[in-house]
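J.: For reference, the structure I am asking about is given below.
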Amino acid sequence: MPAFPPLRTLLAFAAVARTGSIQAAAAELNVTQPAVSQAVRQLESHVGADLLDRSRRPARPTEAGQMLAEALAEGLGRIDSCLAHIRRTGTQGGRTVTVACSIGVATYWLMPRLAAFYQTDPDLTVNVITTQMGAPDLAEGVDLSIRYGHGRWSDGQVRRLFAETVEPLCLPALRERFAGPVPPEAVPLLHVHSAEQSWVTWRDYLRRTGQPAIAARGQAFTNYVQATQAALEGHGLILGWRSITGALAAAGQLVTAGLPRLAPRDAFYLVARHKRGNDAAERFGAWLIEDAARP
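All the letters of the sequence shown, read from the start, carry residue numbers -26 to -1, 1 to 269 under mature numbering (1 follows the signal peptide of the UniProt record, and there is no 0).
What follows is the structure, given as structure tokens:
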């Protein structure tokens, strides 16, 4: 048996880990669900370990699966960066900009804004690279990085995008079960494990808002998109970040749990390369700063 598994099995498992379900992975890859399930089982047979915990619905990565998912996310991200660099330095020249950010920021904050940007600058192409864990860096081929944190980074020019507000949110049906605020100890809490130390966890939130600590129970996820989907399915309380869940709250898909809001000291920043010369990056960066300042 070859040492390296078939590429299609790795891509299928990476899609399941990234999207949070076999159904979503099948839709992303444009194949059937049985095809994705078969590919994952073939990969498990190849490595000799279970990669998905199928006793839970939807299935979640095991410890071994999580290790492989993170390695795949990093490797595929580097490939994306390389391809973006080739495209940027190829025929499109200065008409392409590549932005790196977390999958949550890409899905709920950046992508919804691109349509408005293309109306003002239709000749420019924006490529988006997402990271699974940690702050997005200015890897080869990346022009701009959207990061959450203290803002004191030395690898690029740092400009503040917007401050954040954190507030527990839940499905309206879950909120209606309680006459007052939803007690965190009475419902499952949805957790996001991040390599970023500045990311606010449930433990941080309860401590900073003067509420008693409780046992950490409920589902845990590796990215905010998965946790948000779990909240939309009514699986518990999520710490809603205004930049990510603000549109869902405005639409009434998620509602406040009636608990205190938290305004972290950290904020979101736009980091650009020190070396200038990419007109597309400068134009798009300036537009993002201006758009983020709008109410």
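All C-beta atoms in this analysis are idealised placements derived from N, C-alpha and C, irrespective of residue type, glycine included.
(1) Please state whether DSSP places residue 23 in a helix, a strand or coil.
(2) Buried or exposed: where does residue 258 fall if 16 or more other Cβ atoms within 10 Å of its Cβ makes it buried?
(3) Inspect the beta-carbon positions of residue 201 and residue 174 and report whether they are closer than 8 Å.
(4) Is the segment 198 to 214 touching the segment 140 to 149, taking contact as three or more C-beta pairs under 8 Å?
(5) Whole angstroms is fine: what's the gap from residue 110's alpha carbon to residue 127's?
(6) Does the beta-carbon of residue -17 have 16 or more other beta-carbons within 10 angstroms, so that it is buried, or is it exposed?
(7) Confirm, please, whether the CB-CB distance from residue 24 to residue 34 is below 8 Å.
(8) Pairing CB atoms from the segment 217 to 227 with CB atoms from the segment 176 to 183, are three or more of them under 8 Å?
(9) With C-beta atoms as the reference, is residue 238 less than 8 Å away from residue 140?
(10) Taking the alpha carbon of residue 122 as the point to measure from, which residue in 242, 253, -11 has its own alpha carbon closest?
(11) What residue from 120, 70, 114, 83 has the CA that sits closest to residue 99's CA?
(12) Roughly how many angstroms separate the alpha carbons of residue 198 and residue 253, rounded to a whole number?
(13) So residue 122 is in the beta strand (DSSP E); what residue range does that whole segment cover?
(14) Pull up the CB-CB distance for residue 84 and residue 75, whole angstroms please, since I reckon it's below 8 Å.
(15) What three-state label does DSSP hand residue 141 in the structure shown?
(16) For residue 215, name the three-state secondary structure that DSSP assigns.
(17) Between the Cα of residue 262 and those of 95, -2, 4, spot the shortest distance and give me the residue it belongs to.
(18) Alpha carbon to alpha carbon, how far is residue 260 from residue 223?
(19) Under the DSSP definition of a beta bridge, which residues are partnered with residue 75?
(20) Could you tell me the boundaries of the beta strand (DSSP E) in which residue 245 lies?
(21) Between the C-alpha atoms of residue 136 and residue 82, what's the straight-line distance to the nearest angstrom?
(22) Round the Cβ separation of residue 55 and residue 116 to the nearest angstrom and send it over; I've been treating them as touching at under 8 Å.
(23) Identify whether residue 10 lies in helix, strand or coil by the three-state DSSP scheme.
(24) Spatial neighbours of residue -10 within its chain, please: C-beta separation below 6 Å, excluding the five flanking residues on both sides.
(25) Would you call residue 248 buried or exposed, if buried means 16 or more other Cβ atoms sit within 10 Å of its Cβ?
(26) Taking the continuous alpha helix (DSSP H) assigned at residue -14, which residues delimit it?
(27) How would you call residue 124, buried or exposed, if buried means at least 16 neighbouring beta carbons within 10 angstroms?
(28) Look up residue 91 in the DSSP assignment and give the residues it is bridged to.
T.: In short:
(1) It is coil, neither helix nor strand.
(2) With 16 or more other CB atoms across the displayed protein chains lying within 10 angstroms of its CB, residue 258 is buried.
(3) Between residue 201 and residue 174, the gap from beta carbon to beta carbon reaches 8 Å or more.
(4) The segment 198 to 214 vs the segment 140 to 149: in contact.
(5) Their Cα atoms are separated by approximately 12 Å.
(6) Residue -17 should be labelled buried.
(7) The answer is no: Cβ separation not under 8 Å.
(8) Because the criterion of three Cβ pairs below 8 Å is not met, the segment 217 to 227 and the segment 176 to 183 do not touch.
(9) A Cβ-Cβ contact shorter than 8 Å links residue 238 with residue 140.
(10) The option with the nearest alpha carbon to residue 122 is 242.
(11) Selected option, being the one with the closest Cα: 70.
(12) Taking the straight line joining both Cα atoms gives about 32 Å.
(13) Note, residue 122: beta strand (DSSP E), 118 to 123.
(14) Residue 84 to residue 75, Cβ: 6 Å. Contact.
(15) Strand.
(16) The three-state secondary structure of residue 215, taken from DSSP, is strand.
(17) With respect to the C-alpha of residue 262, the residue from 95, -2, 4 having the closest C-alpha is 95.
(18) Rounded to the nearest angstrom, the two C-alpha atoms are 28 Å apart.
(19) DSSP lists 104 as the beta-bridge partner residues of residue 75.
(20) Residues 241 to 246.
(21) Distance between the alpha carbons of residue 136 and residue 82 is about 15 Å.
(22) Cβ atoms of residue 55 and residue 116 come within 8 Å of each other, at about 6 Å.
(23) If DSSP states are grouped into helix, strand and coil, residue 10 belongs with the helices.
(24) Once the five neighbours on either side are set aside, the close Cβ partners of residue -10 are 35, 43.
(25) Of the residues assessed, residue 248 falls on the exposed side of the cut-off, its CB having fewer than 16 other CB atoms within 10 angstroms.
(26) DSSP places residue -14 inside the alpha helix (DSSP H), whose first and last residues are -20 to -8.
(27) Per the 10 Å Cβ criterion, exposed.
(28) Listed as beta-bridge partners of residue 91 by DSSP are no residues whatsoever.
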